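Sequence order for the protein chains is C and P.
All residue numbers for the first sequence refer to the numbering used here, where the first residue is 320 and numbers rise by one.
All residue numbers for the second sequence refer to the numbering used here, where the first residue is 26 and numbers rise by one.
Working notes for the structure below.
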Amino acid sequence: MEDVDQRRSSTAPRYAGALMLAAVAGHLLSETATGALTTWQSWVLYGLGAGLLVLSASAIERLNQLAKRIRLRWVVFTAVLAAAAVLVAFAGPPLVAYGRVLVLGCPQPTEVRVLTSQDAEPAISEVARRFELHTAAENHGCRTARLYVFSAPGDQGAIALRSSWSAKELREIGPHPDVWLPDSIAEANEVVRRTRGVGSAVRVEPGESVAFSPVVLGVPPRIAKDVVSSTPETWGELLTKVGRTGTPIGRPNPLLTAAGGLATAALYETLDPAVVERGVEEADRPRPGAAMITTEQVVLRHNKTACAQKPCLTALYPSDTYRADYPLNLVEWEAQDVRNHAAREPAKAFRAWLGTQEGRAALNATGLRPAGQAAGAEFREEFGVRAGLALDREEAAPDDAAQAEFEKNYEQAKRDGRVWLTLDASGSMAELSPTGETRFAVAVNGVGKALTQMGPEDTYGLSVFRDTEVRQLVPLGRRDKEAAAAALSTVTPAGGTPLHQAVLDSLDRVGAGDADHVSAVIALTDGEDTTSPQTRQDVVDAVRRKGVRVFVIAVGDASCATHALTTITDASGGECRDSTTDTLGDDLAELFRRVWGGSG
Amino acid sequence: MRWLRRTWAALPRLGPPGVVWANRSWLAMGVAVGIVLTILFTNGVQPLFRESTEWEKGKLVVLSGRDQSDGGQRRALINQWNAEHPDQPAEIVELPDEADGQRSEMVARAREKADNVDVFNLDVTWTAEFAQSGHLRPLSGVDTSGFLRRPLESCRYQGVLWALPFNTDAGLLFYRKDLVQEDPLDLDDITTTATRALRAGQDARLAAGYAGQFADYEGLTVNALELIWAEKGDVVDESGKVVIDSERTRRALRWLADGLKGDKPVVLPESRSQTEPLTTQAFRDGKIAYMRNWPVAHRVLQGNQGESAGRPRIDFGVTGLTGPSVLGGQNLAISAKSTKPRAAQALIEFLTGPRSQQLLFERGGLAATRGIVYQDSRVATEHPYSSTLLDAIEDARLRPVTPYYSRFSDEFRTIIRYALDHDGALPDNAEESLTNALQGR
Numbered sequence: 320m321e322d323v324d325q326r327r328s329s330t331a332p333r334y335a336g337a338l339m340l341a342a343v344a345g346h347l348l349s350e351t352a353t354g355a356l357t358t359w360q361s362w363v364l365y366g367l368g369a370g371l372l373v374l375s376a377s378a379i380e381r382l383n384q385l386a387k388r389i390r391l392r393w394v395v396f397t398a399v400l401a402a403a404a405v406l407v408a409f410a411g412p413p414l415v416a417y418g419r420v421l422v423l424g425c426p427q428p429t430e431v432r433v434l435t436s437q438d439a440e441p442a443i444s445e446v447a448r449r450f451e452l453h454t455a456a457e458n459h460g461c462r463t464a465r466l467y468v469f470s471a472p473g474d475q476g477a478i479a480l481r482s483s484w485s486a487k488e489l490r491e492i493g494p495h496p497d498v499w500l501p502d503s504i505a506e507a508n509e510v511v512r513r514t515r516g517v518g519s520a521v522r523v524e525p526g527e528s529v530a531f532s533p534v535v536l537g538v539p540p541r542i543a544k545d546v547v548s549s550t551p552e553t554w555g556e557l558l559t560k561v562g563r564t565g566t567p568i569g570r571p572n573p574l575l576t577a578a579g580g581l582a583t584a585a586l587y588e589t590l591d592p593a594v595v596e597r598g599v600e601e602a603d604r605p606r607p608g609a610a611m612i613t614t615e616q617v618v619l620r621h622n623k624t625a626c627a628q629k630p631c632l633t634a635l636y637p638s639d640t641y642r643a644d645y646p647l648n649l650v651e652w653e654a655q656d657v658r659n660h661a662a663r664e665p666a667k668a669f670r671a672w673l674g675t676q677e678g679r680a681a682l683n684a685t686g687l688r689p690a691g692q693a694a695g696a697e698f699r700e701e702f703g704v705r706a707g708l709a710l711d712r713e714e715a716a717p718d719d720a721a722q723a724e725f726e727k728n729y730e731q732a733k734r735d736g737r738v739w740l741t742l743d744a745s746g747s748m749a750e751l752s753p754t755g756e757t758r759f760a761v762a763v764n765g766v767g768k769a770l771t772q773m774g775p776e777d778t779y780g781l782s783v784f785r786d787t788e789v790r791q792l793v794p795l796g797r798r799d800k801e802a803a804a805a806a807l808s809t810v811t812p813a814g815g816t817p818l819h820q821a822v823l824d825s826l827d828r829v830g831a832g833d834a835d836h837v838s839a840v841i842a843l844t845d846g847e848d849t850t851s852p853q854t855r856q857d858v859v860d861a862v863r864r865k866g867v868r869v870f871v872i873a874v875g876d877a878s879c880a881t882h883a884l885t886t887i888t889d890a891s892g893g894e895c896r897d898s899t900t901d902t903l904g905d906d907l908a909e910l911f912r913r914v915w916g917g918s919g
Numbered sequence: 026m027r028w029l030r031r032t033w034a035a036l037p038r039l040g041p042p043g044v045v046w047a048n049r050s051w052l053a054m055g056v057a058v059g060i061v062l063t064i065l066f067t068n069g070v071q072p073l074f075r076e077s078t079e080w081e082k083g084k085l086v087v088l089s090g091r092d093q094s095d096g097g098q099r100r101a102l103i104n105q106w107n108a109e110h111p112d113q114p115a116e117i118v119e120l121p122d123e124a125d126g127q128r129s130e131m132v133a134r135a136r137e138k139a140d141n142v143d144v145f146n147l148d149v150t151w152t153a154e155f156a157q158s159g160h161l162r163p164l165s166g167v168d169t170s171g172f173l174r175r176p177l178e179s180c181r182y183q184g185v186l187w188a189l190p191f192n193t194d195a196g197l198l199f200y201r202k203d204l205v206q207e208d209p210l211d212l213d214d215i216t217t218t219a220t221r222a223l224r225a226g227q228d229a230r231l232a233a234g235y236a237g238q239f240a241d242y243e244g245l246t247v248n249a250l251e252l253i254w255a256e257k258g259d260v261v262d263e264s265g266k267v268v269i270d271s272e273r274t275r276r277a278l279r280w281l282a283d284g285l286k287g288d289k290p291v292v293l294p295e296s297r298s299q300t301e302p303l304t305t306q307a308f309r310d311g312k313i314a315y316m317r318n319w320p321v322a323h324r325v326l327q328g329n330q331g332e333s334a335g336r337p338r339i340d341f342g343v344t345g346l347t348g349p350s351v352l353g354g355q356n357l358a359i360s361a362k363s364t365k366p367r368a369a370q371a372l373i374e375f376l377t378g379p380r381s382q383q384l385l386f387e388r389g390g391l392a393a394t395r396g397i398v399y400q401d402s403r404v405a406t407e408h409p410y411s412s413t414l415l416d417a418i419e420d421a422r423l424r425p426v427t428p429y430y431s432r433f434s435d436e437f438r439t440i441i442r443y444a445l446d447h448d449g450a451l452p453d454n455a456e457e458s459l460t461n462a463l464q465g466r
């Protein structure tokens, strides 16, 4: 009986121990090979794990025999086992993770999609790279997150979020964002409010400002010398002074961009809105020889990267200026096909990191000003900015009531739009689009849609170009929308593309802008110029002389990636936009909306 | 029943662990029972679990970049599929133009637990990453004969077939017929011809000999690899080892760095900030004698020639690069989480089938992944470069196959940019940083 008892008592802990070890080993193994038993390396790891298991089982046998000689052996045995289990539990995962990196390489980082504004994109991209390196430093050199930073023009990011990121927006703007870092909290609040509803597929969790950048007036250095004074000056005073030197002042659209809106709101407080609107022209980016209303970080970056003789722009800091304050909002998607659970953790980690010393330093290095951080080495005269700030205002942006008031004033004060539209009617426009219509037919529909954007005082004119002629269809000054459709129905596309001729003709017909009008030319083409007697340079010269903005919509074979179209639009401060037959109508409508100055 | 009990009693009991099996009758019995069980299992039980071959019903979601074909041929094919298979309608969800943006959305969706996509349209360089991450379902029972070897190779990772090639691509060398008499055999030939043409000064527009895409994006990786291969150098060898530090590699980079310099440069200096359309334009404006570009440039140049009346036209020819080209293109793969794998597989077999490939190439201009399409006379008239392209594709090489391709490409470009600023010299840590990048670090 003695014999049997001994055997029974010795097998029980043996199995218990093996079971425990098996559980631990199994857990570690499953972690090691998560879902990827597809490569030979992972099978090797699996084999190693299994071998280890067998070895440890026989080790237990030995241990057991050893334990037989110890008094109170069950207590000792359990204690040792528990200690081993604790050790494995703590040291195991990091060891396995490291071994995994050595054998299999790094696990793939989690993808985080970061939506920001066009102005902030370069800075945020730099900060994102720093964050990736930070995650690598704590994880055997493997990045745990990969941040894809992209931007949407104007307020389109906000609109897209509000409409739950439609298929068109997915194609035109970018992937579904996990993080939204717009220019201003005011802009974010609006979206947060609108997406709070129960049925909404998207939830925007509002976050705090990670940094700010004051709205400034960037002026060419020679002008800065003349206008700068030792006493603080308001927006109104600076604009008047700079305007007097004859320097054109560019301003981004005040309804679509934070910088344009904040500066205009401040300007309206000290100047008559009509005076302000006559003193500025629309511009998206700094142009040589012109002043520009924008944020400080844009001035800094422009001087640092796109400027031969530093600085190209000197920032003037109005004492009553507002500031862009870059809130970091987390975006949660709940619809089945676009859910983003995986990205939420790293997105939160990114937000937390931006609040740490390291994160703030990274923000500061890109020209942003994180709260509670003295401006660093980047803020120097060479880059046209200064470190010390003396701003009067507590708040970053005007409150809701003031904002509504400002928008109303702007609608009244802005100059009326006068648009000349010229359409390509060359042979290639007869090509069929995927829907079976010709490109020309799609364009005609687009024009109909675009004309609905017309404000009460706005006007337009229309011509088509083909072969060697430019034909006027609707004279300037018309307001009725049906005239265009009726006239266009008589046109059959054929022949070459006299684009240059058409743009020159349009410039003549629309005339330069004046105190009450803003003029613009919109050309829609599906190829580059082929049959004009005039060269590209002729067009560029004329555009410069007239000071009329030229916009080009490129479809089909035409592309804004080539210089041919962009040299014309750049010379005028306009824009070239690639489009497809799918999006032509929307693109045209949006352009008209911009040129006519509305908010849509 | 007594005999049963007697037999049972006669048999040795199942002993505790450690008792050696000595009884042969037990062994024989075990074998017999094993055989019976096996037969029962294979005939009776297994068929119950065997996968049905019927296609699952429901919508098939295809995640893809924008349809770049002429006249939306991809969509036309999908429409055709939908007409023939109303129970398995396919829908293309179009992603942004930028490849990084496409990848970002695809990876983010693949990471979720939900069944949110059935088919991925992957860039050739992403197969390894998606396969290793477990985002794809391996293909089985697919007839892969008829596909071109190289594009098919880009669908395999670690010996497993993960995708089928949708369309392929290879770089070509465009040249001006008035300046170039014979096809260049190596980079020195390009230098010689270019220098001669520049010295002769017969065309005032001519600013340089050669242009490629050297702006800081994937194009730089592609162009730099091709130049290194043209000099018979390499960056990553067959076994995955980094071998960038060689005389041949340095020679290629020196050729490029030196070429960009000087009064009459061999390589167009603007090409350091050029992407494909800009290079095409420089060529069309007569600024260069040679251009490296994808076949799509042929259509653009041809189209411009057609409409251009009264302007000096560029008479151009097309040939292969002096070395192997980088293989481009896209592959169709099934999402691991798709609940409709059989229908999805049928769809990708349809899209990569001979008839679809013919249409995509002939009408849409997307290079076919099946050899037979290149023998078609209509394709040859529509795309006169097709036989040159076929040679280039058969000779093309894959970019390093690694799940961390985007890390590799980033690091590689940093090295190339350094080399261009330092007369073709490599940074000291080039080998180390690339080796790390290949492991995702």
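Don't be surprised by glycine CBs; every beta carbon is placed ideally from N, CA and C.
Note that the structure is predicted; figures quoted are calculated from it, not measured.
Any chain P beta carbon closer than 8 Å to residue i
{"i": "Val323 (chain C)", "result": "Low confidence applies here, because Val323 (chain C) scores a pLDDT of 46, under 50, leaving its location unreliable; read the following figure in that light. Not one chain P Cβ lies under 8 Å of Val323 (chain C)."}
{"i": "Val657 (chain C)", "result": "yes"}
{"i": "Ala723 (chain C)", "result": "no"}
{"i": "Ala661 (chain C)", "result": "yes"}
{"i": "Glu440 (chain C)", "result": "no"}
For residue i, three-class secondary structure by DSSP
{"i": "Ala450 (chain P)", "result": "coil"}
{"i": "Arg381 (chain C)", "result": "helix"}
{"i": "Asn356 (chain P)", "result": "strand"}
{"i": "Asp214 (chain P)", "result": "helix"}
{"i": "Gly919 (chain C)", "result": "At Gly919 (chain C), the pLDDT of 35 sits below 50, so the modelled position is not reliable and the matter cannot be decided from this model."}
{"i": "Ile269 (chain P)", "result": "coil"}
{"i": "Asn141 (chain P)", "result": "coil"}
Contact belief for residue i with residue j at Cβ below 8 Å, rounded distance in angstroms
{"i": "Arg91 (chain P)", "j": "Arg490 (chain C)", "result": "6 Å"}
{"i": "Thr741 (chain C)", "j": "Ala842 (chain C)", "result": "5 Å"}
{"i": "Gly284 (chain P)", "j": "Arg273 (chain P)", "result": "Rounded, the Cβ-Cβ distance is 16 Å, inconsistent with contact."}
Start-to-end residues for the beta strand (DSSP E) that takes in residue i
{"i": "Gln791 (chain C)", "result": "788-797"}
{"i": "Leu500 (chain C)", "result": "498-500"}
{"i": "Ile253 (chain P)", "result": "Looking at the DSSP string, Ile253 (chain P) is not in any beta strand (DSSP E); the run it does join, the alpha helix (DSSP H), is 243-255."}
Backbone CA spacing between residue i and residue j [nearest angstrom]
{"i": "Glu14 (chain P)", "j": "Asn318 (chain P)", "result": "No information on residue 14 (chain P) is available, as it lies outside the stretch 26 to 466 that chain P covers here."}
{"i": "Asp474 (chain C)", "j": "Leu102 (chain P)", "result": "36 Å"}
{"i": "Asp288 (chain P)", "j": "Arg606 (chain C)", "result": "29 Å"}
{"i": "Glu700 (chain C)", "j": "Glu601 (chain C)", "result": "27 Å"}
{"i": "Glu713 (chain C)", "j": "Thr576 (chain C)", "result": "21 Å"}
{"i": "Gly342 (chain P)", "j": "Phe308 (chain P)", "result": "12 Å"}
{"i": "Glu380 (chain C)", "j": "Val415 (chain C)", "result": "25 Å"}
{"i": "Gly492 (chain C)", "j": "Glu506 (chain C)", "result": "The amino acid occupying residue 492 (chain C) in the given sequence is Ile; Gly does not appear at that position. Near 18 Å, if we compare the C-alpha coordinates of Glu506 (chain C) and Ile492 (chain C)."}
N- and C-terminal bounds of the alpha helix (DSSP H) containing residue i
{"i": "Glu596 (chain C)", "result": "592-598"}
{"i": "Pro302 (chain P)", "result": "301-309"}
{"i": "Asp906 (chain C)", "result": "903-914"}
{"i": "Arg758 (chain C)", "result": "758-770"}
Contact with chain C by residue i, beta-carbon distance below 8 Å
{"i": "Asn356 (chain P)", "result": "no"}
{"i": "Ala124 (chain P)", "result": "no"}
{"i": "Arg136 (chain P)", "result": "yes"}
Proximity test, residue i beta-carbon vs the ligand FMN heavy atom, cut-off 7 Å
{"i": "Glu552 (chain C)", "result": "With respect to the ligand FMN, the structure offers nothing, as it holds no ligand at all."}
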